[in-house]
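K.L.:
Those sequence lines, one after another, are chains A and B.
The working numbering puts the first residue of the first sequence at 2, with every later residue one more than the last.
The working numbering puts the first residue of the second sequence at 9, with every later residue one more than the last.
Ideal Cβ positions, reconstructed from N, Cα and C, are used throughout, including at glycine.
Only a predicted model underlies this, so the values are computations on that prediction, with no experimental measurement involved.
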Amino acid sequence: MNPRVHRRGLIKAAGAIATTAAASRVYQMPAVLAQDRTTITWLTDLPGDIVVNAFNEQNPDVEVKIEAVSFNEVFQQNQVRLGSGSDSLDVISVDAPLVTSYGLRGWLEPLDDAFPADVRSQWVDALVESSSYNGQLLSIPIWNSTQLFYYNEELLSAAGITGPGPDERWTWEQVTEAAQAVTKDDVFGFQFEQFNRIYQLQPLPQGKGSQVIGDDGLTVEGIIDNEAWVSAFDWYQKLHNEWKVAPQGTIEPNELFINQKLAMCVRGPWAITSLAAADLPFSWKAAPHPIWEGGEIVVPTDSWHLGVNPNSKNKEAAIRFLQYAGGEEAGRLWYEAGDSWPSQKSLLDEIVNNPANTEWPNAAFPIAAAESAHGVPRPLTPGYNEYQDILTSAFENLRNGGDAQTELTNAAQRIEREMRKYR
Amino acid sequence: MFRREAATPYLFLIPAMLLILVWRYIPIIAGLRESFYSNGLSLTGAKQFVGLDNYRYLFDDPTYWESVRVTLKFNAIVNPLQVGCSLLLALLINQAVPGIRFFRTLLLLPIAISINVAAIAWGLALDSNYGVVNGILKMLSLPTQPFFRDADQAMPTLIGVVTWIGVPYWALFFLAGLQGIPKEVLEAARIDGASRFQAFRQIIVPLLSRTTTFVLVATTVANFTMFAPPYLLTNGGPSGATNLIMFDAWKRGFTYGDLGGSAASITLFLAVLMIVVALEFLITRPRHD
């Protein structure tokens, strides 16, 4: 996008400058006038204003504009606009597992020179791994994630159950038992926040020792239809159909939780701030992510990355924004606003060691930071979109009563077919 | 002078032809071309000519054939249903009774609602957990229904929603057709002792044949190319029960990044649609011409 020169804009800018100068008497001539600013566009569903405003303030020659869309639209718009070679986007929001897919299609500008090894070492190692494809750094991790087990203390105690303490990790078997005890009328026992996406569901088979995709990043037959997967998703199916402790259909688990219609849920650490700020009329607590009895601890991680459109006409400005958005200052802004979980190691250490995080609800932050140690990324595959979409359909079918073995076998066959084009 | 006059109608046609060329024929040709290229899965994103590979891939894909089956089943039900219901609605609101204008407005009101809004509203009403329809069923002590969540119910529910959205619109055309039938003809039939059914069968149906052809062809095209309701309500599920071909093609192109496969699917679909429409023209051709 070229710098824009508008006469009306110039007059407005001059007027605004004069007014501000007169009012503050401390006005200094800016180094760059409005007409010389390079405008770059960032398509996202994230609450990016706080970081964009700070960046724009510190960089008078660049203006980042957010093109706000919904979560699902980010993926679709990226496909359409990047696939057509459009230069209408400069900064791209990339969900971590799609870095490989976008990289394979040539939709991400290599960033190795802009982010040398010493800069990369500021981020959690697993996130750097998912930022790279074919030995090149293609994106930077602005956020991170981990998962916690949240529960409504009052709903649990009304059923005669005491929830887990901050250091206590419940098993899924305990969750099932508690959910059955709590569920009655229109109150449900348990649900995942992202109830049909592999992101929050992959610990179920992985916790039973299974992979989620072959080492080649393409093979799924014999994996997603193996015994561990079938038994894990048979449990998931029963939650919705046999025990009826998890709500079916189109639901908003977060709304259900804050309205006391859902007793327990798995959500990211971003919920700590939002639940605390909501001043809820009930007491809630968070605990480590559940595991299968005798199983492995597996906690979903990864989050949003930013990349640069290779067709952008303002790559230099876009890279400057990435350098800011991936840095500690931006990470702190987002974390303190309660919007995200930081990708920078220094900030995670700070959270664990902060004396302010000993009292509830802040005490939940160190639990989340400790869970980061068990974080596993989503499958790194060029066909992640296909993998995720087909599994989402299978999970929906399971929620509606489908048979785990049948649904997973069908899904494996469909994914294998879609993966052929990458072989 | 003569030449200029002869050219005038063509000059008037040029703007429309240009628009059709730009918005219809060029995209069709571009789609056809795209269907012979690969997905651009290289580090440079360059496309490769793959001949008929995208078509072979589709023919070998059970999901594609299931989508074709679902689309044909959907259309075999929804098109005659919409034509029949809109004709009935038009006959109903063509009656000369007091207050008919009010009822006409009421019955034709859904036209003013966009298909997306109507689909979302029905999605909320038919929500299996908190929808008003299940609320009413509960109030009447009847069992609640899964609607879009059940593989057996999803298709009939989708047909119901799409029919609700489409019928008032198509009824307008029938209403215009009915109002174009001279009253004298119907009066003469009545004087000759024809019953209402005989008048309908022997006079109204033949005189409406051009309108019927138009409505049938237009509903066929609209319903074969239906995209928004499955996208907004079912995501093609459950278990592919509402995976209409347009939605399937969109998913191939924009979720799986397989633009070549998507273009091949649309090209085949266009060919099938042209055959279906040609058959409809043939079957509903006025016999008296």
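1) Just to make sure I have the definition right: I need the residues of chain D whose C-beta is within less than 7 angstroms of the C-beta of residue 157 of chain B. Which are they?
2) Run the CB neighbour count on residue 163 of chain A, radius 10 Å, all protein chains shown included, and call it buried at 16 or more, exposed below.
3) DSSP three-state label for residue 273 of chain B, please.
4) Using 8 angstroms as the Cβ pair cut-off and three pairs as the minimum, do the segment 79-91 of chain A and the segment 111-121 of chain A touch?
5) On the CB-based measure, 16 or more other CB atoms within 10 Å of its CB, does residue 422 of chain A come out buried or exposed?
6) Go ahead and pull the three-state DSSP assignment for residue 192 of chain A.
7) In chain order, what residues of the same chain have a beta carbon less than 7 angstroms from the beta carbon of residue 211 of chain A, not counting five sequence neighbours either side?
8) Considering only their Cβ atoms, is the gap separating residue 391 of chain A from residue 352 of chain A smaller than 8 angstroms?
9) Assign residue 73 of chain A to buried or exposed, taking buried as 16 or more other Cβ atoms, counted over all protein chains shown, within 10 Å of its Cβ.
10) Is residue 177 of chain B helix, strand or coil by DSSP?
11) Return the CA-CA distance between residue 355 of chain A and residue 280 of chain A, expressed in angstroms with no decimal places.
12) Do the segment 146-166 of chain A and the segment 365-375 of chain A touch if we need at least three Cβ pairs shorter than 8 angstroms?
13) Any residues in the segment 62-87 of chain B with a beta carbon nearer than 7 angstroms to a beta carbon of chain A? Which ones, in chain order?
14) Within the continuous alpha helix (DSSP H) that includes residue 143 of chain B, where are the two ends?
15) Would you say residue 18 of chain B reaches chain A, if we count a Cβ-Cβ gap shorter than 8 angstroms as a contact?
16) Closer than 8 angstroms, CB to CB, is residue 160 of chain B near chain A or not?
17) Tell me whether residue 274 of chain B is buried or exposed, calling it buried when 16 or more other Cβ atoms sit within 10 Å of its Cβ.
18) So with CB distances below 9 angstroms, who are the chain A contacts of residue 238 of chain B?
19) So with Cβ pairs under 8 angstroms, would you call residue 267 of chain B a contact of chain A?
20) Does the beta carbon of residue 418 of chain A sit closer than 8 angstroms to a beta carbon anywhere in chain B?
21) Based on the DSSP output, what are the partners of residue 265 of chain A in its beta bridges?
22) Can you say whether residue 302 of chain B is buried or exposed, counting buried as having 16 or more other CB atoms within 10 angstroms of its CB?
23) Does residue 247 of chain B have its Cβ less than 8 angstroms from a Cβ in chain A?
24) Assign residue 64 of chain A to one of three DSSP states: helix, strand, or coil.
25) Give the interface partners of residue 415 of chain A over in chain B, defined as CB-CB distance under 7 angstroms, in chain order.
26) Report the neighbours of residue 33 of chain B on chain A: residues whose CB is nearer than 9 angstroms to its CB, in chain order.
27) Which residue marks the beginning of the alpha helix (DSSP H) containing residue 442 of chain A, and which one marks its end?
28) Name the DSSP beta bridge partners of residue 145 of chain A, please?
29) Of the residues that make up the segment 190-224 of chain B, which ones have a beta carbon closer than 8 angstroms to any beta carbon in chain A?
30) For residue 5 of chain B, I'd like the list of residues in its chain whose CB is within less than 8 angstroms of its CB, leaving aside the five on either flank, ordered along the chain.
31) Within the 8 angstroms Cβ cut-off, does residue 277 of chain B reach chain A?
32) Just how far apart, CA to CA, sit residue 362 of chain A and residue 165 of chain A?
33) Between the segment 86-95 of chain B and the segment 174-192 of chain B, are three or more C-beta pairs nearer than 8 angstroms?
34) Between which two residues does the alpha helix (DSSP H) harbouring residue 97 of chain A extend?
35) Please report the straight-line C-alpha distance between residue 240 of chain B and residue 262 of chain B, rounded to a whole angstrom.
36) Mapping DSSP to helix, strand and coil, what is residue 109 of chain A?
P.N.:
By the coordinates alone:
1) The structure shown contains no chain D; its protein chains are A and B.
2) As a working note, residue 163 of chain A is residue 162 in the first sequence. Exposed: under 16 other Cβ atoms inside 10 Å.
3) Start at 1 with the first residue of the second sequence, and residue 273 of chain B comes out as number 265. Residue 273 of chain B falls in the helix class under three-state DSSP.
4) no
5) In the first sequence, the residue the question calls residue 422 of chain A occupies position 421. With 16 or more other Cβ atoms within 10 Å, it is buried.
6) Numbered from its first residue, the first sequence carries residue 192 of chain A at position 191. Correct three-state label for residue 192 of chain A: strand.
7) Walking along the first sequence from the start, residue 211 of chain A turns up at place 210. 224, 227, 229 and 230.
8) As a position in the first sequence, residue 352 of chain A is number 351, starting the count at 1. As a position in the first sequence, residue 391 of chain A is number 390, starting the count at 1. Cβ distance not < 8 angstroms, so residue 352 of chain A and residue 391 of chain A don't count as in contact.
9) Here residue 73 of chain A corresponds to residue number 72 of the first sequence, with the count starting at 1. By the 10 Å Cβ count, residue 73 of chain A comes out exposed.
10) The residue you call residue 177 of chain B lines up with position 169 of the second sequence. If DSSP states are grouped into helix, strand and coil, residue 177 of chain B belongs with the helices.
11) The residue you call residue 355 of chain A lines up with position 354 of the first sequence. The residue you call residue 280 of chain A lines up with position 279 of the first sequence. Straight-line Cα distance between these residues: approximately 23 angstroms.
12) yes
13) 69 and 71
14) Here residue 143 of chain B is taken as the residue at index 135 of the second sequence, counted from 1. From DSSP, the alpha helix (DSSP H) with residue 143 of chain B extends over 140-147.
15) Start at 1 with the first residue of the second sequence, and residue 18 of chain B comes out as number 10. It does not: the Cβ of residue 18 of chain B has no partner Cβ on chain A nearer than 8 angstroms.
16) If you number the second sequence from 1, residue 160 of chain B lands on position 152. So, not an interface residue.
17) Within the second sequence, numbered from 1, the residue matching residue 274 of chain B stands at position 266. By the neighbour-count rule (16 or more Cβ atoms within 10 Å), residue 274 of chain B is buried.
18) For the purposes of this step, residue 238 of chain B is taken as residue 230 along the second sequence, with counting starting at 1. By Cβ distance, chain A contributes nothing, its closest Cβ being about 13 angstroms from residue 238 of chain B, past 9 angstroms.
19) Taking the first residue of the second sequence as 1, we reach residue 267 of chain B at position 259. By this cut-off, residue 267 of chain B is an interface position.
20) For the purposes of this step, residue 418 of chain A is taken as residue 417 along the first sequence, with counting starting at 1. So yes, residue 418 of chain A belongs to the interface.
21) Looking up residue 265 of chain A in the first sequence gives position 264. Partner(s): A:152 and A:191.
22) Because chain B spans 9 through 297 in this model, residue 302 of chain B falls outside it and cannot be assessed.
23) If you number the second sequence from 1, residue 247 of chain B lands on position 239. By this cut-off, residue 247 of chain B is an interface position.
24) Within the first sequence, residue 64 of chain A is the residue found at index 63, counting from 1. Reduced to three states, the DSSP call for residue 64 of chain A is strand.
25) In the first sequence, the residue the question calls residue 415 of chain A occupies position 414. Correct list: 71.
26) To locate residue 33 of chain B, count along the second sequence from 1; it is residue 25. Simply none; closest approach about 20 angstroms.
27) Past the edges of chain A, shown from 2 to 424, lies residue 442 of chain A, and the structure says nothing about it.
28) Residue mapping note: residue 145 of chain A aligns to position 144 of the first sequence, counting from 1. Answer is A:342.
29) none
30) Within the shown structure, residues of chain B are numbered from 9 to 297, placing residue 5 of chain B beyond reach of any answer.
31) In the second sequence, the residue the question calls residue 277 of chain B occupies position 269. Judged by the 8 angstroms Cβ criterion, residue 277 of chain B is not in contact with chain A.
32) The count along the first sequence starts at 1 and reaches residue 362 of chain A at position 361. The count along the first sequence starts at 1 and reaches residue 165 of chain A at position 164. Looking at the two C-alpha atoms, the distance is approximately 15 angstroms.
33) yes
34) Residue numbering aside, residue 97 of chain A sits at position 96 when the first sequence is read from its first letter. Unbroken run through residue 97 of chain A: none, as it is neither H nor E.
35) Counting from 1 along the second sequence, the entry for residue 240 of chain B is found at position 232. Counting from 1 along the second sequence, the entry for residue 262 of chain B is found at position 254. Going by the C-alpha atoms only, they are around 15 angstroms apart.
36) The sequence position of residue 109 of chain A within the first sequence is 108, counting from 1. It is coil, neither helix nor strand.
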